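>
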Amino acid sequence: MSSHVLSLLVEDKPGLLTRVAGLFARRGFNIESLAVGVTEVPGLSRITVVVDVDELPLEQVTKQLNKLVNVIKIVELEGAASVQREHMLVKVRADNASRSNVLEVVNLFRAQIVDYAPDALVAEVTGDKGKVEAFLRALEPFGIKELAQSGLLAIGRGGKSITERVLRG
Amino acid sequence: MSVDSVAAVPRPPARTSSAPPPVLTGAEAVVRSLEMLGVTDVFGLPGGAILPVYDPLMDTSEIRHILVRHEQGAGHAAEGYAAASGRTGVAIATSGPGATNLVTAIADAYMDSVPIVAITGQVFSNLMGTDAFQEADIVGITMPITKHSFLVKDPAEIPAAIAAAYEIASTGRPGPVLVDITKDAQQAEAPFVWPPKIDLPGYRPVTKAHGKQIQAAAQLLANAKKPVLYVGGGVIRAHASEELRTLAETTKAPVVTTLMARGAFPDSHPQHLGMPGMHGTVPAVLALQEADLLIALGARFDDRVTGKAALFAPNAQVVHVDIDPAEISKIRTADVPIVGDLKEVLVDLEGAFRNAAGGGADIDEWWSFLDGLRSEFPLGYTQPSDGLMSPQYVIQRIGELTGPEGVYAAGVGQHQMWAAQFIKYERPNSWLNSGGAGTMGYAVPAAMGAKVAEPDRVVWAIDGDGCFQMTNQELATCTINEIPIKVAIINNSSLGMVRQWQTLFYDGRYSHTSLNTGHGTARIPDFVKLAEAYGCLAIRVEKEEDVDAAIQTALETNDRPVVIDFVVSADAMVWPMVPQGVSNSYIQYARDHAPAFDQEA
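Have a look at this one:
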């Protein structure tokens, strides 16, 4: 199996997320990550979903999703033709002895410190999956107290927009 | 690809009148919307959360509301109404248990692509989520079994929701749509604007197929030496029987009609090989199995048709035509996928075939093979050895005496298979059954709905003694509302199909399949007394020589429903049969022709 990034343009209706998530569960497809947010068009939302399936079941996922009345458009975003980012907040143990080493890691990854406490720091990092995972591995020896991670966000490269040509009439 | 959206509901014309729209309560808007959509019959049962709608329903002269005795009956009646007529069925129920009682029928309609709109009351919007009295999240419950659903909390949204529900249910691949309306939305007032603006940017069924794909399919068909038209229920839903017949006669290809497609192609037609599948005819099953080309038309390669899918039609290329893209290559990868409305695609395909290079291969050899199978393995049955009536004979006589203009609704089980096999269907919409879901109890309410839709036709419910006991209370509805259906209970005193599997796969250990309704039992309930209690004409038939007279009496009785208790042998079995989970090549013509079944799978 392999990971595929799907971007769904959907009508912002109550229960929409249940419909999408329920469909994945019902048809036995595994969601790796999910991110939901607004778009530049009022009333339309965008769901970025990473699903772990083979090519043929993926076609079924896409077709089944397309059958949902509130789903307007689905595109698969290939790695090379898109920008893909994850966002993570991580609370890492950092006292007077270790703080400078933690900061060194944070700087190396071009991450940022967004909160300070005498015994811990909160760092935020943005990047592709590999970078975020590497950052986490680098911090692990200091002791990770808590972390929160977004689903993957992705957008196609180039001038075209996913919302183009879908809003006729 | 050309994309057409089909509109069941007229789009708003330019407003010429400047008169303000009338202000209606949400409840009045529900009724008015149904009237504007041309709905003439609805099936339902009131309760607290839908009470406001029932008030204006009392005043409308355009809509006949039929009060059922159980909401499941309303759901199946709406299905039967739709399946017999092609029009959209409507069922109404209250919140909570009223709505959940519709669930089985909604699931059934989803599996068999039946256009119905279910309207349910919901508790006050400020009580939603508080576990209020008779509250159930019916939109959530039915999400996996509806084509779409709406939760309406604002009276101004009611006309658009109902119109959109109607459009979604009846266009593209038909299916059930739920509209759940809070009680406060029913009570509050809003301007009633009709036609409403329906905005469904994500709903655009493709009806016109890709020309290149049509050409490719026509060329395969022209080259095929062993083609089969594998016809599914989609042909009936698409009202494309005439177009199918033209294509079949032009191509001379053999035709098989699945359980859902019985009647889509006349049984009397010389190119018809019958029904494929687990209990299909030997010629139909082996035609698919031996074919070099399958033209699947509105069929979905159900496991009851394919047997073990990996071994199904191993040498065939597949052209798959469906209006639902998700059906194509779901089970079997299509060599030529065609998304479109069969009514258009069949015409295009026929035209393309005429123009195809070669103009059609010689399929005489194929036909002589198939004709050989037909003469060697005709449908038939053996007389039971216990002296009781043969159920197949009873069902066959019902079909012969009633004729092809009748409507036949079956329950689920042995009697369903026999009704599919031994009644000869000549027209679409004459055979109604629960194919995908396999819902016991479908027959009586579905027949009731069919009779309401098609009052001039004879409508039979061919039911089993098990199925009949699930929904027979709708006989009260039929009697009170003068809906004179005819019910044939094929009473083998048991859950017959389960019993058949116990005979074949469980060494005849009949665990909990005896119902004690038949010959030599306590006869609980006594179906004749039960039917009489419901005001029906009731007849018991125990001998073959009395079968015709009882059927004739039923056909001549139209002032009330008729129930005939046909007391038949419990030992009769459905043949031919392909055991579950094996290749269709293992079809057994009859038990005597079969090696011992050693697997149920």
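In order, the protein sequence lines correspond to chains Y and A. Counting in our numbering, the first sequence tops out at residue 226, every number present. Counting in our numbering, the second sequence tops out at residue 660, every number present. For glycine and all other residues, C-beta sits at the position ideal for the given N, C-alpha and C. Note that this is a predicted model, so its numbers are computed, not measured.
Can you grab the Cα-Cα spacing for the pair residue 603 of chain A / residue 448 of chain A, in whole Å?
Their backbone Cα atoms lie some 6 angstroms apart in a straight line.
> With a CB to CB cut of under 7 angstroms and the five nearest residues on each side skipped, what residues in its chain are close to residue 294 of chain A?
For residue 294 of chain A, where only same-chain residues beyond five positions count, the Cβ hits under 7 angstroms are 300, 303, 320, 323, 356, 357 and 401.
> Rounded to the nearest angstrom, how far is the Cβ of residue 317 of chain A from that of residue 290 of chain A, given a contact under 8 angstroms?
That belief holds up - the Cβ atoms of residue 317 of chain A and residue 290 of chain A are roughly 7 angstroms apart, short of 8 angstroms.
> From the DSSP output, which residues share a beta bridge with residue 181 of chain Y?
Per DSSP, Y:146 and Y:169.
> Could you name the residues of the region 67–86 of chain Y whose beta carbon sits closer than 7 angstroms to any beta carbon of chain C, in the order they occur along the chain?
Included in the structure are the protein chains Y and A, with no chain C among them.
> Does any CB atom of chain Y fall closer than 9 angstroms to the CB of residue 658 of chain A?
Residue confidence for residue 658 of chain A is low, a pLDDT of 46 falling below 50, so the modelled location carries little weight; the figure read from the coordinates is stated next. Not an interface residue.
> So what's residue 159 of chain Y in DSSP terms, helix, strand or just coil?
DSSP places residue 159 of chain Y in helix when its eight states are reduced to three.
> Pop quiz: residue 187 of chain Y and residue 91 of chain Y are said to be a contact at Cβ under 8 angstroms. What is the actual Cβ separation, rounded to whole angstroms?
The Cβ separation is near 20 angstroms, so there is no contact.
> Does DSSP classify residue 60 of chain Y as helix, strand or coil?
Looking at residue 60 of chain Y - three-state DSSP - the assignment turns out to be strand.
> Within 9 angstroms (strictly less), CB to CB, does residue 110 of chain Y reach chain A?
Cβ-Cβ to chain A under 9 angstroms: no for residue 110 of chain Y.
> Flag this pair as touching only if the region 136–150 of chain Y and the region 402–418 of chain A have three or more C-beta atom pairs under 8 angstroms; answer yes or no.
No, because fewer than three Cβ pairs between the region 136–150 of chain Y and the region 402–418 of chain A fall closer than 8 angstroms, the two stretches do not touch.
> In the structure shown, what three-state DSSP assignment does residue 655 of chain A receive?
Residue confidence for residue 655 of chain A is low, a pLDDT of 44 falling below 50, so the modelled location carries little weight; the figure read from the coordinates is stated next. DSSP places residue 655 of chain A in coil when its eight states are reduced to three.
> Verify the CB distance criterion: does residue 113 of chain Y have a CB-CB separation below 9 angstroms to chain A?
With 9 angstroms as the cut-off, residue 113 of chain Y counts as an interface residue toward chain A.
> Would residue 243 of chain A count as contacting chain Y if we go by Cβ distances under 9 angstroms?
So, not an interface residue.
> Do residue 428 of chain A and residue 349 of chain A come within 9 angstroms of each other at the CB atom, strictly closer than that value?
Yes, Cβ-Cβ distance for residue 349 of chain A and residue 428 of chain A is below 9 angstroms.
> Which complete beta strand (DSSP E) runs does the region 246–331 of chain A hold, if anything under 3 residues is left out?
Qualifying beta strand (DSSP E) stretches, in chain order: 248–250, 286–290 and 314–316.
> Return no unless some Cβ of chain Y is closer than 9 angstroms to the Cβ of residue 206 of chain A.
By this cut-off, residue 206 of chain A is an interface position.
> To the nearest angstrom, how far is the alpha carbon of residue 113 of chain Y from that of residue 120 of chain A?
About 53 angstroms.
> Output needed in chain order: residues of the region 367–394 of chain A with a Cβ under 9 angstroms from some Cβ in chain Y.
The residues in question are 383, 384, 385, 386, 387, 388, 389 and 392.
> DSSP state of residue 140 of chain Y, grouped into three classes?
Reduced to three states, the DSSP call for residue 140 of chain Y is strand.
> Could you work out which residues of chain A lie near residue 129 of chain Y, taking near to mean beta carbons separated by less than 7 angstroms?
Under the 7 angstroms cutoff, chain A gives 260 and 261.
> When you compare the region 197–208 of chain A with the region 204–219 of chain Y, are there three or more beta-carbon pairs, one atom per stretch, that lie closer than 8 angstroms?
With the cut-off at 8 angstroms, the region 197–208 of chain A and the region 204–219 of chain Y do not touch.
> I need the straight-line Cα distance from residue 549 of chain A to residue 77 of chain Y, nearest angstrom please.
One C-alpha to the other measures close to 44 angstroms.
> Considering only residues of the same chain and omitting the five flanking positions on each side of residue 192 of chain Y, which have a CB-CB separation below 7 angstroms?
Taken in chain order, the residues that qualify are 166, 168 and 182.
> Evaluate residue 102 of chain A with the Cβ neighbour count: other Cβ atoms within 10 Å of its Cβ, from every protein chain shown; 16 or more gives buried, anything less gives exposed.
The residue in question, residue 102 of chain A, is buried, as its Cβ has 16 or more Cβ neighbours within 10 Å.
> I need the straight-line Cα distance from residue 518 of chain A to residue 238 of chain A, nearest angstrom please.
The straight-line gap from Cα to Cα measures roughly 30 angstroms.
> Expressed to the nearest angstrom, what Euclidean distance is found between the alpha-carbon atoms of residue 62 of chain Y and residue 228 of chain A?
Cα-Cα distance, rounded: 31 angstroms.
> Which residues, in order along the region 208–239 of chain A, keep a beta-carbon less than 7 angstroms from a beta-carbon of chain Y?
So the list reads 210 and 227, given in the order they occur along the chain.
> Is residue 543 of chain A close to chain Y, meaning its C-beta is less than 9 angstroms from at least one C-beta of that chain?
Taking Cβ atoms only, chain Y never reaches closer than 9 angstroms to residue 543 of chain A, which makes this a no.
> Does the region 166–177 of chain A come within contact of the region 186–206 of chain A, defined as at least 3 CB pairs closer than 8 angstroms?
Yes, the region 166–177 of chain A is in contact with the region 186–206 of chain A.
> Do residue 619 of chain A and residue 538 of chain A count as a contact pair if the criterion is CB distance below 9 angstroms?
Yes, Cβ-Cβ distance for residue 538 of chain A and residue 619 of chain A is below 9 angstroms.
> Among the residues of its own chain, which have a CB less than 6 angstroms from the CB of residue 626 of chain A, if the five just before and after it don't count?
550, 577, 578 and 601.
> Is the shortest distance between the beta-carbon of residue 206 of chain Y and the beta-carbons of chain A less than 9 angstroms?
Not an interface residue.
> Quick one: measure Cβ to Cβ for residue 662 of chain A and residue 502 of chain A, integer angstroms, because I've assumed they're closer than 8 angstroms.
Absent from the structure is residue 662 of chain A, since the part of chain A shown begins at 60 and ends at 660.
> Distance, Cα to Cα, residue 64 of chain Y vs residue 132 of chain Y?
Residue 64 of chain Y and residue 132 of chain Y: Cα-Cα distance of roughly 5 angstroms.
> Beta carbon of residue 491 of chain A, beta carbon of residue 479 of chain A: below 9 angstroms?
No, the Cβ-Cβ distance between residue 491 of chain A and residue 479 of chain A is not below 9 angstroms.
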